[in-house]
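Structure first, then comments.
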Amino acid sequence: MRIATWNINSLRARTERVVAFLERRDVDVLALQELKARPEQLDLSAFEAAGYACAMHGLNQWNGVGILSRVGLEDVRTEVEALPTYPEDETGVLEARMISGIVGDGLRLWSLYVPNGREIDHPHYAYKLRWLDAVRAEGERALAADPETRTVFAGDFNVAPLDEDVWDMAAFEGATHVTEPERAAFRAIVDAGYADLVRPYAPGPGVYTYWDYQALRFPKKEGMRIDFALGSPAVQRAVVDARIDRDERKGKGASDHAPVIVDLEL
DNA sequence: ATGGTTGAGCATCAA
Numbered sequence: 000m001r002i003a004t005w006n007i008n009s010l011r012a013r014t015e016r017v018v019a020f021l022e023r024r025d026v027d028v029l030a031l032q033e034l035k036a037r038p039e040q041l042d043l044s045a046f047e048a049a050g051y052a053c054a055m056h057g058l059n060q061w062n063g064v065g066i067l068s069r070v071g072l073e074d075v076r077t078e079v080e081a082l083p084t085y086p087e088d089e090t091g092v093l094e095a096r097m098i099s100g101i102v103g104d105g106l107r108l109w110s111l112y113v114p115n116g117r118e119i120d121h122p123h124y125a126y127k128l129r130w131l132d133a134v135r136a137e138g139e140r141a142l143a144a145d146p147e148t149r150t151v152f153a154g155d156f157n158v159a160p161l162d163e164d165v166w167d168m169a170a171f172e173g174a175t176h177v178t179e180p181e182r183a184a185f186r187a188i189v190d191a192g193y194a195d196l197v198r199p200y201a202p203g204p205g206v207y208t209y210w211d212y213q214a215l216r217f218p219k220k221e222g223m224r225i226d227f228a229l230g231s232p233a234v235q236r237a238v239v240d241a242r243i244d245r246d247e248r249k250g251k252g253a254s255d256h257a258p259v260i261v262d263l264e265l
């Protein structure tokens with residue numbers, strides 16, 4: 000089974016790109032982030048025609064997550080226990096940043112769009128840390144219930160866990176994505192039993208999943224590794240290959256993120 | 001000029 004995760008930065012703007020990607024890479028299950036649409040705004044017929052079941056979750060114009068699967072899609076969930084909300088009772092804007100389903104042979108795949116954090120002194124940053132802790136708690140819960148659980152947390156984590164995961168640490172002084180609390184929150188999920196499934200097959204430095212549209216970051220090879228697939232021990236044992244599809248960042252109309260692909264023999 | 005784009009939706013916010 001081939002699974003992938005991709006921050007698509009508007010599914011409506013890139014439906015044809017996604018269909019072409021699924022075909023070109025023969026992907027069975029795709030976790031999508033940053034749909035930039037509510038589900039009722041989406042036309043999913045191209046995916047359904049290609050044989051994919053679709054589960055989408057979105058509540059505003061900025062976020063939104065989804066899963067496409069041609070190997071089954073059951074027991075869809077869109078939240079975990081203790082998931083924080085933002086903003087706290089201020090504007091009433093709701094968020095939709097996670098969705099999961101059982102795909103293939105008993106694999107629970109989560110598509111996560113971790114809050115950006117914005118600035119270190121912004122409330123969104125504290126929200127991000129609490130949000131990541133809720134993911135950790137869900138991971139611990141799943142492993143406590145079943146040590147052989149097949150669980151993957153995939154998506155845009157908006158954290159660069161290592162110094163080598165950004166092109167220049169000096170450029171990130173005082174910025175989010177590289178701070179120790181964010182890295183500790185990411186490591187806590189790993190330490191709960193969910194290893195990075197891709198890094199062993201695509202080691203850094205200089206290996207990224209995101210390049211800002213601004214300042215010619217992609218041609219200058221100035222990117223960040225912030226998209227991951229973290230898997231439970233049973234999934235770790237099933238990985239046979241993984242890669243970052245940097246080609247999808249090329250050309251007119253690309254997302255600012257590249258897809259991350261993992262091959263499993265469960 | 002802090003180095004300047006993209007998407008959603010229509011002024012500006014988010015990333």
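In numbering that gives the first Met the number 0, the protein residues as written are 0 to 265.
Beta carbons are placed, not taken as given, at the ideal position from N, Cα and C, and that holds for glycine.
These figures come from a predicted structure and were not determined experimentally.
Annotation: Ala143 to Trp109 spans about 18 Å, alpha carbon to alpha carbon.
When the Cα atoms are used, Ile225 and Ser44 turn out to be separated by approximately 30 Å. Residues Leu128 of the same chain have their beta carbon placed closer than 7 Å to that of Pro180, with the five preceding and five following residues left out of the count. When the Cα atoms are used, Phe185 and Thr14 turn out to be separated by approximately 30 Å.
The closest CA to that of Met223, considering only Ile260, His256, Glu247, Val165, is found on Val165. Sequence-distant Cβ neighbours of Asp42 in its own chain, meaning closer than 8 Å and more than five residues away, are Arg11, Thr14. With distances taken between CA atoms, Gly154 lies nearest to Asn6 out of Met55, Asn6, Val234.
Contact between Ala95 and Val64 holds: their C-beta atoms lie close to 6 Å from each other, under 8 Å.
Unbroken beta strand (DSSP E) stretches of 3 residues or longer found wholly inside the segment 130 to 178: 150 to 155, given in chain order. Rounded to the nearest whole angstrom, the CA to CA distance from Ala49 to Ala159 is 34 Å. Using a Cβ-Cβ distance cut-off of 8 Å, the segment 68 to 83 and the segment 122 to 142 are in contact, since at least three pairs of beta carbons, one from each stretch, lie closer than that value. The Cβ atoms of Val70 and Gly103 sit closer than 9 Å to each other. Residue burial is scored here from C-beta neighbours: His56 has at least 16 other C-beta atoms within 10 angstroms and is therefore classed as buried. With respect to the C-alpha of Ile66, the residue from Asn59, Leu58, Trp210, Tyr51 having the closest C-alpha is Tyr51. Under the three-state reduction of DSSP output, Ile188 falls in the helix class. Considering only Tyr207, Asp190, Asn157, the residue with the shortest C-alpha distance to Tyr126 is Asn157.
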